[in-house]
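Residue numbers (this note's numbering): 6 to 729.
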């Protein structure tokens, strides 16, 4: 008999596959079952039956036990092993009173058995019943699986739901809603009041009002929502997003209400951590640069309106780098925290005597080992000088840090507003000049800004003059630091780091010359050189047969602000021949937040080219989740200031975890900078940080040394506990 499938897609008849090696039995089955409303497919042996089963998709199989070759038991087993054969009912035909065959039929997977000879009229009804029973069983099975899937999805999403029938008063809570409240099903009478009891007392009025307004206004749909708390049985509070939908009967009366309760506690905690970073320095707890500038702006405006004086003190710790290098970053950070405490104590008397918040002094960590103090209101210049002397005396005392006796002194610049600046930028520039004057004069002192101060200006002029010729004299160079994938140890990228070795000035730190380049506009040409050099070098490595990886280039403020940045990047990629996906551009948070709308537009133009985008030094500037979601970025780079003490400082650990969690919730990957220790590596791996960068794997290298490293390790760095 042919092996082609018997198919009648338009037919509504049940399809039965009859398997029997007796031609007479097949003929009788075809006639009897055809008259009973079945479409009959015939197979005279087991192999044919298996093939037709897969092609014809029968609703039921009736099969004789005794057949040459494969007997009915073996065919039944093979049908049950097919993906489409799990639930199809199979009726086995056995000899009369053949109890052993009946048991074998069930063992092989048969649904039921029938003894010969057949009563054909009854057999047709029996087949129809078996098919209907099988369909019902399958639907029940699918419903059960759907309920399990829904329950799992709600558990993973931390989403509970409820229903309220206004006509009967019946209330339903999902298992996840019970779980969110820590209550076992059956131990609580479900009604409107029992849910309100789970809401903190101070929030119940607002929730009642929300529900009443939905019913009163006839609002439907999930557009109506409210955020509130729920009290877990163990005492903890959950933050939830609550949404509801109301249905009305034909007379316009409310009949049913459905609601969802989403647990957003972890997301809110992460958002709170990120928002805190926007205002406070995580190491010292002081206000950060952004907050300080805002307060200075307010104080300058108020001083101008009221005709009074104010002051800004700028502190830099003398020889802090030497202490850091000698005792390590741990001692250095402890020192910074102690300095923060002593500074706060220095202004405490002034703070206590202030009439309102706008008159209170503010201490901030400006960055690194730099601190600032705002005195919004002073009667005379001597008041600011008095605070400076108190700071010198207080900080200058010996500090005991983990058994190490450390002496640190500050250099303090003072600027008075409105005399020493019309705006924040000019004021900070002048107080910075006063501080550098103290540095040059011997440190450990304070100085009031005067226009005759030209020491700093002279140094900067010298740097600027040499910097203008640095590119043409080939004095600039790039170092490259590998970025390693934590899961595999593979080097997936390198960051290009700018260096300047001047014949007349010696090695000049980027910390010193990059701000000058920014102020003078030289950063545009220098930044373009860095971009071209980095892309060209990356392409050269590829031509040398080294593994393909991305190269990260930092963008300056001026570069990012230029109108044709995307055209420049595209031009450099074409000139160098570097594949577009191999370039990553790094932008700082503050650069993005200076002009959010402009930043979004610029980032989208860059993203359209196909390059990768990363936010560098994340957590040290101003950012918020609402803005972060708008930026088409690929990666966050956690600043090394959080990584240094991530295993010893709970605050740094929490912030790092929060950044990773927020990044992953937004679909972003994370690179941690400044990884120097095995414990830091283990912490980051535990919380699923994708990539790391730091001295643990490699310091920044010149191009040839990096190529040699890649050749030696074949592009894969050794991970602890893993052989490569």
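We put the CB at the ideal spot given by N, CA and C, even for glycine.
Query, Result
"Which residue marks the beginning of the alpha helix (DSSP H) containing residue 183, and which one marks its end?", "180-186"
"Please return the same chain residues whose Cβ sits closer than 8 Å to the Cβ of residue 226, not counting the five positions on each side in sequence.", "Here the model assigns residue 226 a pLDDT of 44, short of 50, so the residue's position is not dependable, and the following value carries that caveat. Here the set comprises 250."
"Would you mind working out which of 519, 65, 266 sits nearest residue 133, comparing C-alpha positions?", "65"
"Have a look at residue 14 and residue 63 and give me their C-alpha separation to the nearest angstrom.", "Summary for residue 14: the model assigns pLDDT 39, below 50, so the residue's position carries little reliability; its value from the coordinates is reported in the next sentence. Going from the Cα of residue 14 to the Cα of residue 63 covers about 12 Å."
"Quick one: Cα of residue 353 to Cα of residue 560, how far?", "41 Å"
"Exposed or buried, what is residue 667 when buried is set at 16 or more other beta-carbons lying within 10 Å of its beta-carbon?", "buried"
"What number of angstroms, rounded off, separates the C-alpha of residue 607 from the C-alpha of residue 571?", "8 Å"
"Return the Cβ separation of residue 293 and residue 269 in integer angstroms, given the expectation that the two are a contact with Cβ distance under 8 Å.", "Between residue 269 and residue 293 the Cβ distance is about 26 Å, and since that is not below 8 Å, they are no contact."
"Mind checking whether residue 597 and residue 616 have CB atoms under 8 Å apart?", "no"
"How many angstroms separate the CA atom of residue 30 from the CA atom of residue 261?", "59 Å"
"Using only the alpha-carbon positions, how far apart do residue 356 and residue 439 sit?", "25 Å"
"On the criterion of 16 or more Cβ atoms from any shown chain inside 10 Å, does residue 431 qualify as buried, or is it exposed?", "exposed"
"Run the CB neighbour count on residue 741, radius 10 Å, all protein chains shown included, and call it buried at 16 or more, exposed below.", "The shown model of the chain, from 6 to 729, leaves out residue 741, and the question about it has no answer."
"Please report the Cβ distance between residue 495 and residue 529, rounded to the nearest whole angstrom; I am assuming they are in contact, meaning their Cβ atoms lie under 8 Å.", "About 35 Å separates the two Cβ atoms, so there is no contact after all."
"Could you give the distance in angstroms between the alpha-carbon of residue 237 and the alpha-carbon of residue 207?", "16 Å"
"Is it a yes or a no for the region 377-392 touching the region 336-346, going by three-plus beta-carbon pairs under 8 Å?", "no"
"Using only the alpha-carbon positions, how far apart do residue 228 and residue 219 sit?", "Confidence in residue 228 is poor, its pLDDT being 49 and thus under 50, which makes the residue's placement unreliable; the coordinate value appears in the next sentence. If you take the alpha carbons of residue 228 and residue 219, they lie about 11 Å apart."
"Going by alpha carbons, who is nearest to residue 86 out of 59, 637, 328?", "59"
"Buried or exposed for residue 465, going by 16 or more other Cβ atoms inside 10 Å?", "buried"
"Would you check if the region 421-428 and the region 319-329 touch, i.e. whether three or more CB-CB distances between them fall below 8 Å?", "no"
"Can you tell which of 579, 605, 544 has its C-alpha closest to the C-alpha of residue 566?", "605"
"In this structure, how does DSSP classify residue 604 when only helix, strand and coil are distinguished?", "helix"
"Considering just the uninterrupted stretch of the beta strand (DSSP E) at residue 368, what are its terminal residues?", "367-372"
"So residue 219 is in the beta strand (DSSP E); what residue range does that whole segment cover?", "Element bounds for residue 219: not the beta strand (DSSP E) but the alpha helix (DSSP H), 206-222."
"How many Å lie between residue 248 and residue 231 at the Cα?", "6 Å"
"Keeping to the same chain, check which residues put their C-beta closer than 8 Å to that of residue 467; ignore five residues upstream and five downstream.", "510"
"Could you please give the first and the last residue of the uninterrupted alpha helix (DSSP H) stretch that includes residue 28?", "28-40"
"How is residue 269 classed by DSSP in three states: helix, strand or coil?", "coil"
"Return helix, strand or coil for residue 72, following the three-state DSSP convention.", "coil"
"Starting from residue 249, follow its DSSP beta bridges and name the residues at the other end.", "264"
"To test your reading of the DSSP string, which unbroken alpha helix (DSSP H) runs of 4 or more residues are found completely within the region 561-599?", "562-566, 570-581, 594-599"
"Can you give the Cα-Cα distance for residue 289 and residue 678, rounded to whole angstroms?", "20 Å"
"Residues in the same chain with beta-carbon distance under 6 Å from residue 476, minus the five sequence neighbours each way, listed in chain order, please.", "534"
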